[in-house]
């Protein structure tokens, strides 16, 4: 009998150990979208809450699974006798109604506080950034540094000042998307004609991954963006540069590319603007604003990464990626709307870009810094 | 009424395919439901395997993004509406009349109609793979993505019409089972003597009757938006995109309980039998089931914590969702109380039932995690949720259904399944379940959104995705053994006795397989677990060892059963044709111009005509033809 119980406890112990080890290996804070590595108060509060409930859940998990294994071994059928026909036990049943209720109340209290903390901005006057979802990329709009009636438009990279509350207004021009930067804040949906607001704050400078989290169509997987948190002074300088047009290059190839870009045959400028400043509230064009496109860390909603091994935007990679994209967007991001429905060079085979036009266009776009 | 309208004679096919088409025997309909649902379930499994193969490695391109979206939409829709729900319906059909001591359901022809209509809806959905119009909007079909502006073609229409037709089937079946359970219980079987599975069937049927109208209305509105340019969900015309979500989840959350309550009922039958003890706290378990069903209506917005309903709504739904964990916990503890002090026999059904409790607890814990709205913002729409739903619906509902299949297999077929293969199946399933779905907790918390057709390496998702895919193959291997075991045992298995498990409920008191009329004599119920008590009473009276099924079959010729009918099948056929026509009724091109498809219109009209004529014929067909001599006319 003693031997029997030793085996039982060993089995229970081993199962629990395996489960605990698996849980330990599951937490991998170094990965780019890990929720275990909070870099801001919102993500941190969510992680804290997760730990609270994980511990409560682990207690229940180990208690119940241990008890099940115990029951199976202890009460295994050994003979054909009929056990006592117990119908129930009111005291016990009351206990396992009341116990979980108390446990849940204990979890509910910090939950409700955190819900209000996270959903109500602590600083209404902080910098407000508009985030607009498109199938399948993110547009970002900042208040103009000098003129409150104007906005500065950018895409794919969300720059924010470090250690400050940033209010985010979430919108969509088509279907429902969701704004999610796991290391900074849990997701909030972007509902067309029904703007949501949230607040975020990054504790320290850094480069963070974000991704759309609401299924939004064929390229939902590639609706990604990056968040660049930088010190306030650096952020101010960046925003001021964005509010200016790109420096015009005198390279003849660039000039030729500019001509292609604006030509009715290629039709690029019908959907892509090359001026970043617009009046507040005026809808942008259909495609991403390209004013400073060559400074972006990624293209095509995160499909093409423009950074080198040091994490810096690299001109050669930018050119290579631009060429890849313009040459055959469908193979880079199958189903993207530009190649599928709109842009003449892809929709109409007669108007496909020649090699010379392609090179010029790449040269022009990579000059937009 | 002596003649049958349209001069079609009453079907008289004791065997062969027409006997199945015209059957109204609840047991045969149960078999039809079960076999069809398993075929559908396996097709959904193949879809799942394709998804897993695509996600096995990062940046794979085996499957195009569009096909991937169709795969996960079809997988979920199939598993919920064509897998778990009709599998539960198979048990309702086969088990409930036997458990309550009835000879059939209240409306036998309506029952046949439910099955054929379910098949019609299933075919409308699954045939879309062959017409290249598989739906791609997710099983939740959020507007505006499912609106015509963002989703040309007929995939969404297929989805709408198949769900509508399936809804008709489910509603008909639900009314039938409510009436059957309320009215046709054997004398003496008060509500609180009803077997737990019958109780959960009743609760589920009531939930269905209340929940399906909501999705029906929503689907009609969506169809009108798409086909005729109405603006219920058209955001450009000022509609609120969140409206659909409310309508869908007001249906969708009770639907979750529609999937799990029958499973809980099955487990509540098996645990007592294989522990040789009554269910611990019967009244509490019943009450917990009813409370779960009731509270299921108060939690729908926990699917919408990230939609922006505001902190007040999110707090309220956090609390209500946590509250529903209490009755669920009560059930789990009572199941464990049932095993406590019992004499536990670890046969395949019992293993699956215990594993159900174990897996369901994991799903329950992650469910409470999602109830915490604030931290759910990190989990919503990630693989963490995928892990959760597969712990409750696969480790939960499917494990319970498999437990039920093994448990009632000898009653259904009169033969025993192969225990050794059953054990292999169980262990492959148990290991496969955890190898496939537990790692999804990790990928989810590691930031992997669900419904993405590919992911990049360097995100930290490679390893656990590979493990998940490996687990999926273990599950597939388990199902291969299951199919082989079922097919072989059905034909060549050992003869099963009437009561192989020392059962407690009435179905074990009759022969295996049950005769067409189930009970020679309608039993008089004196106790909860009546058959068990009866056996004890006989034992005390030192009667001859109890042989279930009795030997009193000589009186059987006096029993009147409803006669087979063609009409339920033809009404469903009409619905199928009309549904198919409606899918293609309106075409819209990329420029937004709608055109009427005349072929589809004619098809619809033909289908409606077949349906109306058949309903007419059905309503004038008597349940039983008067017998030639008329000697039994006043018999019952």
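Chains as they are written, first to last, in this note's numbering: chain A, 1 to 369; chain B, 1001 to 1636. The beta carbon of each residue, even a glycine, is placed where N, CA and C say it ideally should be.
Counting only Cβ-Cβ distances below 8 angstroms, residue 268 of chain A has no contacts in chain B at all, with the closest Cβ about 21 angstroms away.
In the DSSP annotation of this structure, the continuous segment of the beta strand (DSSP E) that includes residue 178 of chain A starts and ends at 177-181. Apart from sequence neighbours up to five positions away, the residues of its chain that approach residue 1040 of chain B with a beta-carbon distance below 8 angstroms are 1078, 1082, 1083, 1086, 1122 and 1126, ordered along the chain. DSSP places residue 157 of chain A inside the beta strand (DSSP E), whose first and last residues are 157-161. Under the three-state reduction of DSSP, residue 1282 of chain B is assigned to helix. Around the beta-carbon of residue 1609 of chain B, fewer than 16 other beta-carbon atoms lie within 10 Å, marking it exposed. Look at the stretch 1269-1280 of chain B: the residues with a C-beta under 9 angstroms from a C-beta of chain A are 1274, 1275, 1276, 1277, 1278, 1279 and 1280. Taking C-alpha positions only, residue 152 of chain A is separated from residue 144 of chain A by approximately 6 angstroms. The beta carbons of residue 1402 of chain B and residue 1120 of chain B sit about 27 angstroms from each other, so the pair does not count as a contact at 8 angstroms. Annotated three-state conformation of residue 139 of chain A is strand, per DSSP. Think of a sphere of 8 angstroms around the beta carbon of residue 194 of chain A: the chain B residues whose beta carbon falls inside it are 1240, 1241, 1242 and 1308, in chain order. The closest CA to that of residue 274 of chain A, considering only A/365, A/33, A/130 and A/76, is found on A/365. Closer than 9 angstroms to the CB of residue 1382 of chain B there is at least one CB belonging to chain A. Here residue 1604 of chain B is buried, its C-beta having at least 16 other C-beta atoms within 10 Å. Remark: C-beta atoms of residue 1136 of chain B and residue 1047 of chain B do not approach each other more closely than 9 angstroms. Interface annotation for the stretch 211-241 of chain A against chain B: 211, 213, 214, 215, 216, 217, 218, 219, 220 and 221, criterion Cβ-Cβ distance under 7 angstroms.
Using beta-carbon distances, residue 1333 of chain B counts as an interface residue toward chain A, with a partner under 9 angstroms.
Taking a Cβ-Cβ threshold of 8 angstroms, the residues of chain B close to residue 72 of chain A are 1339, 1344, 1346 and 1354, in chain order.
At a cut-off of 9 angstroms, the C-beta of residue 1378 of chain B has a neighbouring C-beta in chain A. Ranking B/1283, B/1147 and B/1117 by CA distance to the CA of residue 1037 of chain B puts B/1117 first. Residue 341 of chain A has a beta carbon lying within less than 9 angstroms of a beta carbon in chain B. Straight-line spacing of the CA atoms in residue 1178 of chain B and residue 1261 of chain B works out to 15 angstroms.
Check the Cα spacing between residue 1382 of chain B and each of B/1447, B/1326 and B/1436: the tightest is with B/1447.
For residue 146 of chain A, the closest alpha carbon among the candidates A/242, A/95 and A/263 is that of A/242. Taking the CA atoms as reference points, residue 1011 of chain B sits about 37 angstroms from residue 1504 of chain B.
Relative to residue 1342 of chain B, the option among A/84, A/25 and A/14 whose CA is nearest is A/84. Between residue 1223 of chain B and residue 1160 of chain B the beta-carbon gap is near 5 angstroms, inside 8 angstroms, which marks them as a contact. Boundaries of the beta strand (DSSP E) around residue 132 of chain A: 127-134.
Put simply, the stretch 1491-1504 of chain B does not touch the stretch 52-69 of chain A. Fewer than three CB pairs are less than 8 angstroms apart.
The beta carbons of residue 1142 of chain B and residue 215 of chain A sit closer together than 9 angstroms.
Put simply, of B/1585, B/1188, B/1426 and B/1430 the residue whose alpha carbon is nearest the alpha carbon of residue 1527 of chain B is B/1188. Exposed is the label assigned to residue 94 of chain A, since fewer than 16 other Cβ atoms lie within 10 Å of its Cβ. Among the CB atoms of chain A, none fall inside 9 angstroms of the CB of residue 1159 of chain B.
Taking 8 angstroms as the Cβ-Cβ cut-off, the stretch 1060-1093 of chain B approaches chain A at 1064, 1065, 1066 and 1069, given in chain order. Ranked by Cα distance from residue 1227 of chain B, the options B/1250, B/1190 and B/1153 are led by B/1153. Going by C-alpha positions, residue 1533 of chain B is about 14 angstroms away from residue 1507 of chain B.
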